[in-house]
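Residue numbers (our numbering): 329 to 456.
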């Protein structure tokens, strides 16, 4: 069974100082949520035709038990894009650097990873 997105509150902020913020949460089946926090730099243009580039981001995928994984842009203590991995109880088990720009995920990539790579919890045998 693949998880489906059931709702989202992800919204684009108004352009300010040459940047646009993207904030919110994507809620999926099986108690999975994806918290989105992005900062886009306006490269050129205005309005709906503006060209933007992601300059900062965090995609945190979790359940009520704890984190599953989190992608982050470079920041003070990590100079490269990276992903944090967590065990089934939400304890961090690894951090992997993403050295290629091709490895940096989009929100769509993160939703797909949450859907395809993290199986739903075991059923208790009851029909829903």
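Even for Gly, the Cβ is constructed at its ideal location relative to N, Cα and C.
Straight-line gap, residue i to residue j (C-alpha atoms, nearest Å)
i, j, result
"residue 352", "residue 382", "16 Å"
"residue 440", "residue 346", "30 Å"
"residue 398", "residue 434", "12 Å"
"residue 426", "residue 365", "18 Å"
"residue 409", "residue 384", "10 Å"
"residue 378", "residue 348", "11 Å"
"residue 357", "residue 403", "31 Å"
"residue 341", "residue 407", "27 Å"
"residue 344", "residue 369", "10 Å"
Proximity of residue i and residue j at Cβ, strictly below 7 Å
i, j, result
"residue 337", "residue 359", "no"
"residue 354", "residue 333", "yes"
"residue 418", "residue 388", "no"
"residue 423", "residue 412", "yes"
As assigned by DSSP and simplified to three states, the class of residue i
i, result
"residue 413", "strand"
"residue 436", "helix"
"residue 406", "strand"
Residue i - containing beta strand (DSSP E), residue span
i, result
"residue 398", "395 to 400"
"residue 425", "420 to 426"
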